[in-house]
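K.L.:
Provided herewith is a single structure, encoded as structure tokens, for subsequent inquiry.
Protein chains: 2
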Amino acid sequence: MADRPAESPVRLAAETWESLFRAQVAVMRRLQSGPAFKSIALNEYDVLFTLSRCPSGWLRLNELNDHILLSQSSLSRMVERLEKRGLVERMPAPDDGRGVLLKLTEAGSELQKQIGRIHVRDIEALMTPSLTAAEQRELLRLTEKLRGAVARH
Amino acid sequence: MADRPAESPVRLAAETWESLFRAQVAVMRRLQSGPAFKSIALNEYDVLFTLSRCPSGWLRLNELNDHILLSQSSLSRMVERLEKRGLVERMPAPDDGRGVLLKLTEAGSELQKQIGRIHVRDIEALMTPSLTAAEQRELLRLTEKLRGAVARH
DNA sequence: CGGATATACATGCATTTGCATCTATCGCCG
DNA sequence: CGGCGATAGATGCAAATGCATGTATATCCG
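So the protein sequences, as listed, match chains X and D.
Numbering (my numbering) for the first sequence: 1 to 153.
Numbering (my numbering) for the second sequence: 1001 to 1153.
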């Protein structure tokens, strides 16, 4: 793309992060503007999606919060709204009196699947023409590694 | 990381995007919580940063909007706030009566550099232990390619 | 040229967000 | 056991956000 001379670790790290960030912004913009997200915001879908992937069906609010880029209070209120819309169900955690467990309702699961199908196709339409399968696998590997390392304090 | 069987292109694309997205969230969380972003939000810093990288010094509002994950109206107001704080300067575009040009003020440039120094060190502290230099270069290449392909309609 | 359509940015308004703080429960340690 | 700091989540409130729309300018096309 550009001629890039030997760089300091600091500069390389900064450029890598910036590129990752901008790529995320570019893709996100496209996805958000698609028809899939008229009835529900992407953040909200993300909650439904995360819940759908949860083996037990139930997820703690604070665990959910780790996945979502929202403050604790904002997530609390967002879940409140989703509950009002009948998409998720709350229940006090049995083993922790402070905690709240979340689960998709039938309607929430339905909506997640419906949006999910479109969403996944939108993603594929963006990724496949942009990167080869091998490149995607490598990008997947690198971002998993990065996330793992960053998450692990 | 996990055993991953041969996957359909759709599934691969979806997993790659999800991983990219979650990695971005994980890194972003860490960066936002750092001490560098007490005086200014990350989005706001991003504006200052983008302006600082602009060769002519002046940038159109709509071009800026392409880089930032914000609606047009929100950006408009954010710039208004930055102007009130004395960090950026506005000027009507000479060649387009509808447009507005933006530039960092001296104070804005100062602040950008000051935050930037800390920010860049924070980034390095996250990236370098997570990925080798070669991996970072590859991640940089892949995200640039992705962004390029997505941006180009 | 002139009217129609598109683009750039601003603004009113309802919704969403985050910070600070509050309440309740948990876990630890004397 | 009992007190105390830590953690989970809720809430008041000011600020930020996005949608719809408004205004002005630009561009296209007959």
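Glycine included, every Cβ here is placed at the ideal spot set by N, Cα and C.
The structure presented is a predicted model; accordingly, all values stated were derived computationally and were not measured.
Which of the residues in the stretch 1135–1150 of chain D, read from start to end, lie with their CB under 8 Å from any CB of chain X?
P.N.:
Within the stretch 1135–1150 of chain D, the residues whose Cβ lies closer than 8 Å to any Cβ of chain X are, in chain order, Glu-1135, Gln-1136, Arg-1137, Glu-1138, Leu-1139, Leu-1140, Arg-1141, Leu-1142, Thr-1143, Glu-1144, Lys-1145, Leu-1146, Arg-1147, Gly-1148, Ala-1149 and Val-1150.
K.L.:
What distance in whole Å lies between the Cβ atoms of Leu-1069(D) and Met-28(X), which are believed to be in contact at a cut-off of 8 Å?
P.N.:
6 Å
K.L.:
Please name the residue in Ser-1008(D), Leu-1048(D), Ala-1023(D) and Ile-1040(D) whose C-alpha comes closest to that of Leu-142(X).
P.N.:
Answer by Cα proximity: Ala-1023(D).
K.L.:
Give, in chain order, every unbroken run of the beta strand (DSSP E) that is at least 3 residues long and sits entirely within the stretch 1007–1047 of chain D.
P.N.:
Segments of the beta strand (DSSP E) lying fully in the stretch 1007–1047 of chain D: there are none.
K.L.:
Tell me whether the stretch 102–110 of chain X and the stretch 121–140 of chain X touch, counting them as touching only if at least three CB pairs, one residue from each stretch, are closer than 8 Å.
P.N.:
no
K.L.:
Which residues share a DSSP beta bridge with Leu-146(X)?
P.N.:
None, per the DSSP bridge assignment.
K.L.:
Relative to chain D, which residues along the stretch 76–109 of chain X have a C-beta separation below 8 Å, given in chain order?
P.N.:
So the list is empty, because no residue satisfies the distance condition.
K.L.:
If you draw a straight line from the alpha carbon of Val-1025(D) to that of His-67(X), how long is it in whole angstroms?
P.N.:
7 Å
K.L.:
Look at the alpha carbon of Glu-1110(D) and the alpha carbon of Gly-1116(D), and state the distance between them as a whole number of angstroms.
P.N.:
10 Å
K.L.:
Should the stretch 11–18 of chain X be regarded as contacting the stretch 29–37 of chain X, the criterion being three or more beta carbon pairs within less than 8 Å?
P.N.:
no
K.L.:
Just the chain X side, please: which residues come within less than 8 Å of Pro-1035(D) by C-beta, in chain order?
P.N.:
Within 8 Å Cβ-Cβ: nothing; Pro-1035(D) doesn't reach chain X, min ~17 Å.
K.L.:
Closer than 9 Å, Cβ to Cβ, to anything on chain X: give me those residues from the stretch 1012–1033 of chain D, in chain order.
P.N.:
Leu-1012, Ala-1013, Ala-1014, Glu-1015, Thr-1016, Trp-1017, Glu-1018, Ser-1019, Leu-1020, Phe-1021, Arg-1022, Ala-1023, Gln-1024, Val-1025, Ala-1026, Val-1027, Met-1028, Arg-1029, Arg-1030, Leu-1031 and Gln-1032
K.L.:
By Cβ distance below 8 Å, which residues in the same chain neighbour Leu-59(X) in space, the five residues on each side in sequence not counted?
P.N.:
Thr-50, Leu-51, Leu-101, Leu-102 and Lys-103
K.L.:
Provide the residue span of the alpha helix (DSSP H) that contains Leu-957(D), from first to last.
P.N.:
No answer is possible for residue 957(D): it lies beyond the span of chain D, which begins at 1001 and ends at 1153.
K.L.:
Starting from Arg-1053(D) and walking both ways along the beta strand (DSSP E), at which residues does that stretch end?
P.N.:
Unbroken run through Arg-1053(D): none, as it is neither H nor E.
K.L.:
Would you say Ser-1130(D) lies against chain X (beta-carbon separation less than 8 Å)?
P.N.:
yes
K.L.:
Shorter than 8 Å from the beta carbon of Ala-41(X) to some beta carbon of chain D?
P.N.:
False, the Cβ-Cβ gap to chain D never drops below 8 Å.
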